[in-house]
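**Student:** Structure in structure tokens, see below.
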């Protein structure tokens, strides 16, 4: 192993426009040895770094060892932990500001500051590669990478650098850590140059202190930009030198923008949080304590002692001065937030399912009895209520929902009754500030779908739906309603028009959603244990629009009756097989690649870009594309499916055969009964087989296959399997059962197919195509067809959808979005 300046050098760990970086070791400490390309006739000026050392000295910026080796210049610096999203960004900013101020105080500048130059060394953040720009001044180097431009100031385009550019780069790094992107975005070189030219002062998102003062002044024009000394003084709480009026300190004027702030919780503690009505604090129930977190910067604002054991729920008072923590089986605890201590244990609260603050500051709770306590914990009222049918009540505002009926009771007042269709089980309530019921979240007893209802007079009318039960509702600014659901979405509705504005999509079920009292913050939580907060005033920037299929017609073809359709996996070709006719079309061309009449009654067609496979009463035939020449055949095959580049064929005797596209059999499986149908998932890991009486699902790979699902079925049933095999559809007598996370009935269904990515299930209906989405529910799109009957077959390819009608009409559409 070679040694350079006493450092043992190993493998390469990176390359860049200046050369190569090698991993080195010296005295058990890792080093980065940067070797620069031979510089030819351009000699380097003698560096002016003062006391050079291989270790990080007492200063905040790293002094480097340097020299020449075999005609190449080298720099040696310690390795540390590269900058990630730090827990305390303000501490990181303070340490880096000290490093810059010290470096600039010596009359130097960094000249290449970016995240890769920030190291975490022995508990401190420090700058690396300091002075590199001075060492290489006048040298010929290759073109810099675009990611190095992201942190450069606009004046770099005119050749201006120095200490002001270091301050810009410092602010660009902080902005990326705060909001996910540097000032002009993570773009290519040309786009960066255009933005820097057209917008020398970048637009900034809403910021909280101290960033609302630091970033605008550090990203200002060069002549108005703060120095590193001024930044350091502001962060240290000292007067900022050189300013006639000092910048305002304390909380910023707005909340953070994007991405949402995430507060982690332990698993299954997702419901144990609350948002203060003044929009300042988030209370999180943790083991043995209640954490109070600032919504301005995510910093911890305080702690309250709480009982050990499984956490309970928490609720703020309307004035944000008190907090209750409660859980069935133990007394509820009332806290004073101004004094930061426990006020009292609430007498008689052990068996209560829900507690809530009223507008007058008193606490109420109920189950079979109604309780009310004062703000100092004294029991004021206790009375027996009529039975609640064994259901834990839901309290919202000054009202409570009792039982499984749509009856809402003001606490201490008369009942309110709202009429709605039967088979609805309420799960959430929402009230406006005047105390009137606005919306109800309910579950349909038949479909298990989540239904959103709003009040119109004394009636409840349906506003919209989720594909799974609704877990929470919240009223937001501008007549907006937020609904959370087990379908992993938060949806935003307009109460006046009933329009779905958009949705926030998560990877996990959403258990609760809340708007702050002034509507400036939206908070929601996941079942896996995390709470996310987002500015309500910037909500539209984060919403995914409702899915609108809007298929764009691509082409129309007339073939024989009852056509069978199949796209190739790439979507480049489409096969059409009908009674007496067989053709293959390129999806981008009008004329067929080949086509003609056939005496066979083709029942199945499978297509790749090179091979067409058909099944008829004469068995399986494989043809070459585009010559249509027969390649091979097997006479005993009754059905076939394409599975991850191979064929799965089903024989009349009930045996599955795995075939290559050249016809070679490499595996077989005995089913034990005469087979009729076989369907494969896109990855080839899941199969559906159908015989005269039974449907079976098979999972496996290679020679290892096992059946994990069985159901009664008939030979005429329509089958569909999602690309990953997690969901399947069984259709019979104009109705289909969607089997996956939850069984769902699809009525008036003639044919079904999954989209290539599995995001949608398309069902053919008369005059309509129904797009079923696990997230957005069902969207129907009218068909433009001369036929009254529904399509008899459907096929889906990448960005494509095709439908065939009994009389031989075939329509192809281009599909946009996450198809």
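Residue numbers (our numbering): 23 to 841.
Ideal Cβ positions, reconstructed from N, Cα and C, are used throughout, including at glycine.
Please identify the residue among 816, 341 and 664 whose C-alpha is closest to the C-alpha of residue 830.
**Tutor:** The count along the chain shown starts at 1 and reaches residue 830 at position 808. Here the closest residue by C-alpha is 816.
**Student:** Do residue 590 and residue 819 have their C-beta atoms within less than 9 Å of each other?
**Tutor:** As a position in the chain shown, residue 590 is number 568, starting the count at 1. As a position in the chain shown, residue 819 is number 797, starting the count at 1. Yes, these two residues count as a Cβ contact at 9 Å.
**Student:** In the DSSP assignment, the alpha helix (DSSP H) including residue 253 goes from what residue to what residue?
**Tutor:** On the chain shown, residue 253 is found 231 positions in, with the first residue counted as 1. Taken as a continuous stretch (DSSP letters only), the alpha helix (DSSP H) holding residue 253 covers 250-257.
**Student:** Alpha carbon to alpha carbon, what distance is there between residue 647 and residue 484?
**Tutor:** Within the chain shown, numbered from 1, the residue matching residue 484 stands at position 462. Within the chain shown, numbered from 1, the residue matching residue 647 stands at position 625. Each residue's alpha carbon lies about 53 Å from the other.
**Student:** Can you look up residue 624 in the DSSP assignment and give me helix, strand or coil?
**Tutor:** Your numbering for residue 624 matches position 602 in the chain shown. In this structure, residue 624 counts as coil in the three-state DSSP scheme.
**Student:** If you draw a straight line from the alpha carbon of residue 397 to that of residue 490, how long is it in whole angstroms?
**Tutor:** Residue 397 sits at position 375 when you count from the first residue of the chain shown. Residue 490 sits at position 468 when you count from the first residue of the chain shown. Distance between the alpha carbons of residue 397 and residue 490 is about 39 Å.
**Student:** Can you find the residues in the same chain that come closer than 7 Å, C-beta to C-beta, to residue 826, ignoring five residues on each side of it along the sequence?
**Tutor:** For the purposes of this step, residue 826 is taken as residue 804 along the chain shown, with counting starting at 1. Cβ neighbours of residue 826 beyond the five flanking positions: 585, 587, 813, 814, 815 and 832.
**Student:** Taking the beta carbon of residue 837 as the centre, do at least 16 other beta carbons fall within 10 Å, making it buried, or is it exposed?
**Tutor:** Position 815 of the chain shown, counted from the start, is the residue given in the question as residue 837. Buried, since its Cβ has 16 or more Cβ neighbours within 10 Å.
**Student:** Can you say whether residue 78 is buried or exposed, counting buried as having 16 or more other CB atoms within 10 angstroms of its CB?
**Tutor:** Within the chain shown, residue 78 is the residue found at index 56, counting from 1. Confidence in residue 78 is poor, its pLDDT being 36 and thus under 50, which makes the residue's placement unreliable; the coordinate value appears in the next sentence. Burial call: buried.
**Student:** Closest to residue 627 by CA distance: which of 650, 219 and 664 is it?
**Tutor:** Locating residue 627 in the chain shown gives position 605, counting from the first residue. With distances taken between Cα atoms, residue 627 lies closest to 664.
**Student:** Classify residue 567 as helix, strand or coil using the three-state DSSP reduction.
**Tutor:** Position 545 of the chain shown, counted from the first residue, corresponds to residue 567. The answer is coil: DSSP assigns residue 567 none of H, G, I, E or B.
**Student:** Could you pull the DSSP bridge partners for residue 516 from this structure?
**Tutor:** By 1-based counting over the chain shown, the position of residue 516 is 494. Per DSSP, 502.
**Student:** Taking the CB atoms as reference points, tell me whether residue 535 and residue 295 lie closer together than 9 Å.
**Tutor:** Reading the chain shown from its first residue, position 513 is the one you call residue 535. Reading the chain shown from its first residue, position 273 is the one you call residue 295. The answer is no: Cβ separation not under 9 Å.
**Student:** Where are the beta strand (DSSP E) runs, 3 residues long or more, that stay fully inside the stretch 710-746, in chain order?
**Tutor:** Runs found: 716-723, 726-734 and 740-743.
**Student:** Please classify residue 660 as buried or exposed, where buried requires at least 16 other C-beta atoms within 10 Å of its C-beta.
**Tutor:** As a first step, residue 660 must be located in the chain shown, where it is residue number 638. Buried, since its Cβ has 16 or more Cβ neighbours within 10 Å.
**Student:** Specify the secondary structure class of residue 127 as computed by DSSP and reduced to three states.
**Tutor:** For the purposes of this step, residue 127 is identified with residue 105 of the chain shown, where counting begins at 1. Residue 127: helix per DSSP, three-state reduction.
**Student:** On the DSSP letters alone, give me the boundaries of the alpha helix (DSSP H) that residue 201 sits inside.
**Tutor:** Working through the chain shown from its first residue, we reach residue 201 at position 179. Run containing residue 201: 185-201, per the alpha helix (DSSP H) assignment.
**Student:** What are the start and end residues of the alpha helix (DSSP H) that includes residue 214?
**Tutor:** Residue mapping note: residue 214 aligns to position 192 of the chain shown, counting from 1. Residues 211-220.
**Student:** I'd like the list of long-range same chain contacts for residue 642, defined as Cβ closer than 7 Å, with 5 residues on each side in sequence excluded.
**Tutor:** Stepping through the chain shown from its first residue, residue 642 is reached at position 620. The answer, listed in chain order, is 635, 655, 656, 659, 662 and 671.
**Student:** Do residue 254 and residue 116 come within 9 Å of each other at the CB atom, strictly closer than that value?
**Tutor:** Stepping through the chain shown from its first residue, residue 116 is reached at position 94. Stepping through the chain shown from its first residue, residue 254 is reached at position 232. Contact flag set, yes.
**Student:** To the nearest angstrom, how far is the alpha carbon of residue 668 from that of residue 459?
**Tutor:** Position 646 of the chain shown, counted from the start, is the residue given in the question as residue 668. Position 437 of the chain shown, counted from the start, is the residue given in the question as residue 459. About 59 Å.
**Student:** For residue 2, does the count of other Cβ atoms within 10 angstroms reach 16, so buried, or fall short, so exposed?
**Tutor:** Any question about residue 2 goes unanswered here, given that the chain covers just 23 to 841.
**Student:** Could you tell me which residues DSSP pairs with residue 325 in its beta bridges?
**Tutor:** Reading the chain shown from its first residue, position 303 is the one you call residue 325. Answer is 313, bridged to residue 325.
**Student:** Bridge partners of residue 707, per DSSP?
**Tutor:** The residue labelled residue 707 in the question sits at position 685 within the chain shown. DSSP lists no partner for residue 707.
**Student:** Do residue 218 and residue 186 have their C-beta atoms closer together than 9 Å?
**Tutor:** Start at 1 with the first residue of the chain shown, and residue 218 comes out as number 196. Start at 1 with the first residue of the chain shown, and residue 186 comes out as number 164. Result no, Cβ atoms of residue 218 and residue 186 do not sit closer than 9 Å.
**Student:** Could you check whether residue 608 and residue 595 sit closer than 9 Å to each other, using their CB atoms as the reference points?
**Tutor:** If you number the chain shown from 1, residue 595 lands on position 573. If you number the chain shown from 1, residue 608 lands on position 586. Yes. Within cutoff.
**Student:** What residue range does the alpha helix (DSSP H) around residue 233 cover?
**Tutor:** Mapped onto the chain shown, residue 233 falls at position 211. Its alpha helix (DSSP H) spans residues 233-240.
**Student:** Considering Cα atoms alone, identify which of 328, 377 and 309 is closest to residue 338.
**Tutor:** For the purposes of this step, residue 338 is identified with residue 316 of the chain shown, where counting begins at 1. Ranking the options by Cα distance to residue 338, first place goes to 377.
**Student:** For the candidate residues 113, 190, 172 and 476, whose alpha-carbon lies nearest to that of residue 132?
**Tutor:** By one-based count along the chain shown, residue 132 stands at place 110. Closest option to residue 132, Cα to Cα, is 190.
**Student:** What's the C-alpha gap between residue 555 and residue 392?
**Tutor:** Taking the first residue of the chain shown as 1, we reach residue 555 at position 533. Taking the first residue of the chain shown as 1, we reach residue 392 at position 370. If you take the alpha carbons of residue 555 and residue 392, they lie about 34 Å apart.
**Student:** Mind checking whether residue 205 and residue 257 have CB atoms under 9 Å apart?
**Tutor:** The residue given as residue 205 occupies position 183 in the chain shown. The residue given as residue 257 occupies position 235 in the chain shown. No. Outside cutoff.
**Student:** Measure the alpha-carbon distance for residue 55 versus residue 139 and round it to whole angstroms.
**Tutor:** In the chain shown, residue 55 corresponds to position 33, counting from 1. In the chain shown, residue 139 corresponds to position 117, counting from 1. Cα-Cα distance, rounded: 14 Å.
**Student:** Helix, strand or coil: how does DSSP classify residue 92 here?
**Tutor:** Residue 92 sits at position 70 when you count from the first residue of the chain shown. Of the three classes helix, strand and coil, the one that applies to residue 92 here is coil, per DSSP.
**Student:** If I follow the unbroken beta strand (DSSP E) through residue 615, where does it start and stop?
**Tutor:** Within the chain shown, numbered from 1, the residue matching residue 615 stands at position 593. Where residue 615 is concerned, the enclosing beta strand (DSSP E) stretches over 614-619.
**Student:** Would you identify the three-state DSSP class for residue 525, choosing helix, strand or coil?
**Tutor:** For this step, residue 525 is matched to residue 503 along the chain shown. Looking at residue 525 - three-state DSSP - the assignment turns out to be strand.
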